[in-house]
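Peer 1: Those sequence lines, one after another, are chains A and B. Following this note's numbering, the numbering of the first sequence begins with 8 at its first residue and continues without gaps. Following this note's numbering, the numbering of the second sequence begins with 305 at its first residue and continues without gaps. This is the structure I want to talk about, given as C-alpha cells.
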Amino acid sequence: MNWVARNAFPIGLAAAGFTLASGYPTGDPDTYWHLASGQWMLDHHEILRTDVFSSTVSGQAYSVGEWLGEIVLTLVFNAGSWAGLAIFRGLLVAIAAFFLARLSRRGGAPLIAALLVVVWALVFSKTRWTDRPAIFTFMLFPVVLDLLYSARAGSRRALVAIPPLILLWANLHGGYPIGIALVLAFTVEALVLRRPNIVPLVLTLVASIVLSFADPETFGVAGAVGHAFAPPRFISEEAPPDVLEPSGFIFAVFVLASLGVALFDGGEILDALLLIPLLWLALSAQRQIAFFVFAATPFVAAGGARLYLRLRPHAMPLRPMPPMAAAVLAMLLCAGALASAIGAPAAPDERAYPAGAVAALRTGSGTLLNEYDWGGYLIYHVPERKVFVDGRLFPFYPSVLRDYRDAVELRPDWKDVLAKYDVREVLLMPSKTLAVALREDGWTVRAQGPSFILLAKP
Amino acid sequence: MVPIAIGAAFGAASTQLAVGDSDVFWHLVVGRDVLRGLIAVPDALSWTVAGQPTSSDQWLGQALWALAFGAGEWRGVVALRALAIALLVGVVVYATLRERPTRPLGAVLAVLPAIALSRFVWTERPELFGFVCFALLIVLLRAARSGSDRALYWIPPLILVWANLHGSFALGVGLTALVAIEGAIAQPRRRRIYVVAAIGSVIATLLTPASVGAWTAPGFHLLHPPREIQEWSVPDVTTLPGAIFAVVLLSTLLVALLSRARAPREAVLLLPVLAISLIATRQMPLFAIAAAPYLAAYGADALAHVASIIGLDLPALAAPTRPPGRRADAIAFVIAAVLLAVAARVGVSSPDLGGFPTAALPSLRPGPGLLNQYDWGGYLIWAAPATPVFVDGRLIPYLNGVLDDYTTVLGVHPGWRDVIARRDIRQILVRPSDPVAVRARDLGWPIRASSDTFVLIDVPNERAAGP
C-alpha cells in the first residue's frame, strides 16, 4: 500500500492513459501488414526476410527490423482479436504514462505543475498510440529515460535493467537507437562532470550497444540514421511538424516552454545533451516529436513551477493528499480503467478503407495498382491479390515508389509505368489524377464508393 | 564602421545575384500604377477577378521598386535591392555589435547564421523592406529596454513606414506591445513612454490607404498559410534554409541552457518571434535576426561555462579595442556608398527569364481565357499585358474559388473539364510535367508552343466538357 501511495500520481495517470487508449478502435493502415507478417512468421516458424505480399518486389529481401514486435502483436490479436489489441495498446500507453508521470516530477515539480505538463504531453502523444511495433518505442523511451534518471540519482539496479531492455527493444522495433542515444547522453554527462557512476554507465552503454546487435532482422543504426536524415516526405507522419495542426501546436508549446525556462533559469549539461539532439530530430519529422516532448517534460514542469513561484511568491502550495487517500484514489482509477476494458472496441474502424471493393477484388486478376495507404489493408483482407505498394516502405524504395508516384500523379511517363508492370486494375481514391484519366480513357468501373474506385483495363 | 563595411560588402555582392523573382513583375506593374496615383484600383490584371477590389497593403514598397525601375530599369532594381540588403545586413550586424562592442569577431560570428538565412529573402519584393524594418525594430526595442527613451519615440514612425511598405508590420506592433507591457512592469518610472510607444504604433498602422483593412492580410497569412506555395511551407530541416534555422534555434537553446547569466527579458522578444518563425519557411529569418544579438551577448559566456566544466583553458581573447570614432564611421559610409554605386553599375542589368515562358508570348491569345501557371502570373502581367492572367502571386484575390479551380484543372482532379467549360478557358500555359499538360497531350489537344520550360495548349472548345 505504501508503494501505491507513493506512486499514486503515476498510477492514476497510467489508469487514465489506459482508459483513453483502449477505448478507440484500431484504424492504422500499417497494423494489417504487421499482423499479416507476424502470422506468416508464426505459421512458418521463421523470420520473414523476403517479400511475399507484393507483385512489384516479390521474393526480394527486405527488413523492417520489427520481427518480434510483429509476433507479439499477432499473438495478442490471436488471443483477443481486435479488442485484445485495443487492451494491449492501453497497457503499453499506461506504462508510458506511468513513467512519464514519474519523469515529470524528476525536476522537483509540484504535483499540479507536473500534472499540467504531463497531460499536455500525453494528449499530444495520442497520434503515436498505434497498433504497430512503433508503440513499443513509444513505451520504452520514457521507461529507459526514467531508469537513467534513477541511476543518476544513485540506483545501480536501474542501470542493470537497461541492457536487457535495449536487447528487447532492438528486436521489437527499429527505434532502439534512440534508447542507446539516451544512455550515451547520460554517459557523456557523467564523463564531463566526473560523476562517480561513470564506470557503470560506460559498461551499460557498451552492453547496450553489443546486445542491440543480437537481432536477427535489424536494419541497423545506419538505417535508422539514414531514415532520420532523409525522411520520405510524402508519408504524412514523415512530414516536418506543422505548428498549426494540433500535435504540431503542442510541440511548439513545448519548444517555446523549453526555451522560456532555459532563458529564465538556465539548465544543466544533461538538459543540453538530451534536448538539443532530440529537438533536431523532432524538427525533422512529425513521428519523432514525442521524444523531444517526453524528454522536455521534467525540465518544463520543474521550470514552470519555479516561474510560477517567482511570479506569485506568496502563493500557498497545495496541501498533499494523505497517503491513504492517494492510494485509494489510485486504486479506484485502476478499477475504473479495468472496467473500461470491457468496452474495448471489438472491430477496427475501417471507414477509411475500400471495404466495398473487396468482393470485386477477389474476382479480379492481373497486377493491381493500389493506393499506398491501403496496401496493408489489402494484404490482410485480400491476400490472394498482391499489392503494388504498402506501408512497409523500404522494399519499395526508391524505384517502385517513384514509378508509383509517376503513375498516380500523372507524370509524363505514367503510361510507361502501367505498361512496365502490366497493370490490369487500379484501386485509388476517386480524386486521384490517375483515376480521373483512366475513367476518361474508358477503363471499366468494377466497384466504387465515396472514397474509392476500382477500375479495370478494358 | 564594421556594420557599414559588412553591410556594404553583402549589398555589393548581391548585385551579382540574378534578378527575376516570380513576384517582382506584378509588384512593378502595381507600383507603376501607384506612381500614377492609382492605389487599390479594381483589378485589371486578371480575368478571373477583374473589377474586384485589390489590396493596397504594400503600396509604398511597390512604388519604391517602380521608382527604382523608372530610374535605371533593371539596374535600378538591382541597386535598390543592394541598398536594402546592405541596410538589412548592416542593421543586424549593428544589433549584435551593440551587445559586444569590444568583441567584433564574436558578434560577427553570432550574426552569420542570420545573414545566411536572410539570403533567402533577398528578393525584389516589398517583403525585403519588411525585413529591414524588423531588424531596425529589434535594434530600437533592445535600445529602449536598455534605457533609451529616444529609441521608443522612433518606433511609431518606423511602424508607420513599415505598415505602408509591407504587411509584416503586424509582427512589429505585436512585439512593441509585448515589450511595452514588460517594460512598464519592470520599469514603472518609464511606464508612460512605453504606453505612448505602444499606442502610437497601433495608431500608425491606421495611417495607410487601407486603414483598419491593413490588418486583414497579416492575420490571414499567419493562421492560414497557403502551404502549397513553397515559401509558405512548413520549415524543413532537411533543406538548407531549414538547416540554418535549426542551427540558430538549437544554438539559442544551448546558450540559454548553459550560459551562467540569466536573460528572462529576452523571452519577451525571442519567444513570440520563434512562434511566428515556426509557422512557415518564409518567416524563419525573423528568428535568426532576433536571436543574433542574444547569441552575441551570451554565447561567449555559455562557451566559457562549458570550458570551465570540462576543465579546458580557453585562449584569451584579444584585449578590448577602442570603438572607432565618428570620423571612421563617416569614411566607412562614403566608401560603402561608392562601393554600392560601383557594384550596382557593374551588377546584373537584366532579369533572368530562364524559368519563364518567354517563347510562348507571341502565341498567347489576347483577352480572357488563359489558364497560366501560378508562378508565371506576375511575369505575364508584365510581359503580356494584353492577355490577363488566371492567377498570379497576389494570392488573396484568388482565394474565393479561383485558386480551387486552378488546382482542379492543373492537377486533373475530378471535374477539371467542367471547370474548363464553366470558366471558358481557351488556352493553358503550364509546365510540361504538370498533369494537365500530360493529359492534354494524351488527348491530342493542339500544342501551340512548347519548350523544356513550358507548354502552351489550345483547348478545343467542343471537347472541353469531356466524354
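C-beta atoms are modelled at their ideal positions from N, C-alpha and C, and glycine is treated no differently.
So, for residue 768 of chain B: in the same chain, excluding its five sequence neighbours on each side, which residues have a beta-carbon less than 8 Å away from its beta-carbon?
Peer 2: Per-residue confidence for residue 768 of chain B stands at a pLDDT of 49, beneath the threshold of 50, marking its modelled position as unreliable; no derived number is given.
Peer 1: Please list the partners that residue 237 of chain A has in chain B, where partner means a Cβ-to-Cβ separation under 8 Å.
Peer 2: By Cβ distance, chain B contributes 542.
Peer 1: Using a Cβ cut-off of 7 Å (strictly closer), state whether residue 583 of chain B contacts chain A.
Peer 2: Closer than 7 Å to some Cβ of chain A, the Cβ of residue 583 of chain B qualifies, so yes.
Peer 1: Measuring alpha carbon to alpha carbon, tell me which residue in A:457, A:412, A:461 and A:454 is nearest residue 739 of chain B.
Peer 2: Nearest C-alpha to residue 739 of chain B: A:412.
Peer 1: List the residues of chain A that residue 755 of chain B touches, going by C-beta distances under 7 Å, in chain order.
Peer 2: Correct list: empty, because the minimum Cβ distance to chain A is about 14 Å.
Peer 1: Rounded to a whole number of angstroms, what is the C-alpha to C-alpha distance between residue 583 of chain B and residue 590 of chain B?
Peer 2: Using only the alpha carbons, I get a separation of about 11 Å.
Peer 1: Check each residue of the stretch 374-390 of chain A: if its Cβ is closer than 7 Å to any Cβ of chain B, include it; give the result in chain order.
Peer 2: Per Cβ criterion, the list is empty.
Peer 1: Grab me the residues of residue 404 of chain B's own chain with a C-beta within less than 6 Å of its C-beta, minus the 5 sequence neighbours each way, in chain order.
Peer 2: Only 410, 411 and 600 meet the Cβ criterion.
Peer 1: Closer than 9 Å by beta-carbon distance: list the chain B residues that pair up with residue 30 of chain A, in chain order.
Peer 2: None at all; the shortest Cβ gap to chain B is about 31 Å.
Peer 1: Do residue 459 of chain A and residue 364 of chain A have their C-beta atoms within less than 7 Å of each other?
Peer 2: Yes, the pair counts as a contact, with Cβ atoms nearer than the cut-off.
Peer 1: Please list the partners that residue 739 of chain B has in chain A, where partner means a Cβ-to-Cβ separation under 7 Å.
Peer 2: Simply 416, 417 and 440.
Peer 1: Where do the N-terminal and C-terminal ends of the alpha helix (DSSP H) with residue 721 of chain B fall, by residue?
Peer 2: Run containing residue 721 of chain B: 720-727, per the alpha helix (DSSP H) assignment.
Peer 1: Suppose the cutoff is 6 Å on Cβ atoms and the five residues either side in sequence are ignored; what does the same chain contact list for residue 341 of chain A look like?
Peer 2: Excluding residues within five positions, the ones whose Cβ falls inside 6 Å are 22.
Peer 1: Using 8 Å as the Cβ pair cut-off and three pairs as the minimum, do the stretch 43-62 of chain A and the stretch 88-97 of chain A touch?
Peer 2: With the cut-off at 8 Å, the stretch 43-62 of chain A and the stretch 88-97 of chain A do not touch.
Peer 1: Considering only C-alpha positions, which residue in the set B:580, B:635 and B:556 is nearest to residue 602 of chain B?
Peer 2: Per the Cα distances, B:556.
Peer 1: Can you look up residue 201 of chain A in the DSSP assignment and give me helix, strand or coil?
Peer 2: Looking at residue 201 of chain A - three-state DSSP - the assignment turns out to be coil, as it is neither helix nor strand.
Peer 1: Taking Cβ-Cβ distances below 8 Å as the criterion, which residues of the stretch 267-284 of chain A are in contact with chain B?
Peer 2: Flagged, chain order: 267, 269, 270, 271, 272, 273, 274, 275, 276, 278, 279, 282 and 283.
Peer 1: Please name the residues in the stretch 550-568 of chain B whose beta-carbon is closer than 8 Å to at least one beta-carbon of chain A, in chain order.
Peer 2: Answer in chain order: 550, 553, 554, 556, 557, 558, 560, 561, 562, 563, 564, 566, 567 and 568.
Peer 1: Could you pull the start and end residues of the alpha helix (DSSP H) that residue 87 of chain A belongs to?
Peer 2: First-last of the alpha helix (DSSP H) with residue 87 of chain A: 74-111.
Peer 1: How do the stretch 367-380 of chain A and the stretch 341-355 of chain A stand: do at least 3 beta-carbon pairs fall below 8 Å, yes or no?
Peer 2: No, the stretch 367-380 of chain A is not in contact with the stretch 341-355 of chain A.
Peer 1: What residue range is occupied by the uninterrupted beta strand (DSSP E) comprising residue 453 of chain A?
Peer 2: Here the beta strand (DSSP E) through residue 453 of chain A covers 451-456.
Peer 1: Name, in chain order, the residues that DSSP records as bridge partners for residue 394 of chain A.
Peer 2: For residue 394 of chain A, which the question treats as bridged, DSSP gives the partners A:61.
Peer 1: Which residues in chain B sit within 8 Å of residue 443 of chain A, going by Cβ to Cβ distance?
Peer 2: 716, 717, 718 and 720, listed in chain order.
Peer 1: Under the three-state reduction of DSSP, which class applies to residue 374 of chain A: helix, strand or coil?
Peer 2: Strand.
Peer 1: Any Cβ of chain A within less than 7 Å of the Cβ of residue 532 of chain B?
Peer 2: Not an interface residue.
Peer 1: With a CB to CB cut of under 7 Å and the five nearest residues on each side skipped, what residues in its chain are close to residue 428 of chain B?
Peer 2: Only 323, 325, 328, 369, 381 and 385 meet the Cβ criterion.
Peer 1: Can you give me the start and stop residues for the beta strand (DSSP E) that residue 731 of chain B sits inside?
Peer 2: Where residue 731 of chain B is concerned, the enclosing beta strand (DSSP E) stretches over 731-734.
Peer 1: Could you tell me the boundaries of the alpha helix (DSSP H) in which residue 762 of chain B lies?
Peer 2: Run containing residue 762 of chain B: none in the alpha helix (DSSP H); it sits in the beta strand (DSSP E), 759-762.
Peer 1: Tell me which residue opens and which closes the beta strand (DSSP E) that residue 403 of chain A is part of.
Peer 2: Counting along the chain, residue 403 of chain A falls outside any beta strand (DSSP E), and DSSP gives it neither H nor E.
Peer 1: With distances taken between CB atoms, is the gap from residue 365 of chain B to residue 470 of chain B smaller than 7 Å?
Peer 2: For residue 365 of chain B and residue 470 of chain B, yes; Cβs fall inside 7 Å.
Peer 1: Decide yes or no for the touch test of the stretch 523-536 of chain B against the stretch 491-504 of chain B: beta carbon pairs closer than 8 Å, at least 3 of them.
Peer 2: Taking 8 Å as the limit for Cβ pairs, the verdict is that the stretch 491-504 of chain B does not touch the stretch 523-536 of chain B.
Peer 1: Below 9 Å on C-beta distance, what does residue 736 of chain B contact in chain A?
Peer 2: Simply 419.
Peer 1: Considering only residues of the same chain and omitting the five flanking positions on each side of residue 609 of chain B, which have a CB-CB separation below 8 Å?
Peer 2: These residues qualify, in order along the chain: 562, 563 and 564.
Peer 1: Spatial neighbours of residue 592 of chain B within its chain, please: CB distance less than 6 Å, with the 5 preceding and 5 following residues excluded, ordered by chain position.
Peer 2: Answer for residue 592 of chain B: 417, 418, 421 and 552, listed in chain order.
Peer 1: With burial defined as no fewer than 16 other Cβ atoms inside 10 Å of the residue's Cβ, what is the status of residue 369 of chain A: buried or exposed?
Peer 2: It is exposed - the Cβ of residue 369 of chain A has fewer than 16 other Cβ atoms within 10 Å.
Peer 1: Starting from residue 431 of chain A and walking both ways along the beta strand (DSSP E), at which residues does that stretch end?
Peer 2: From DSSP, the beta strand (DSSP E) with residue 431 of chain A extends over 430-435.
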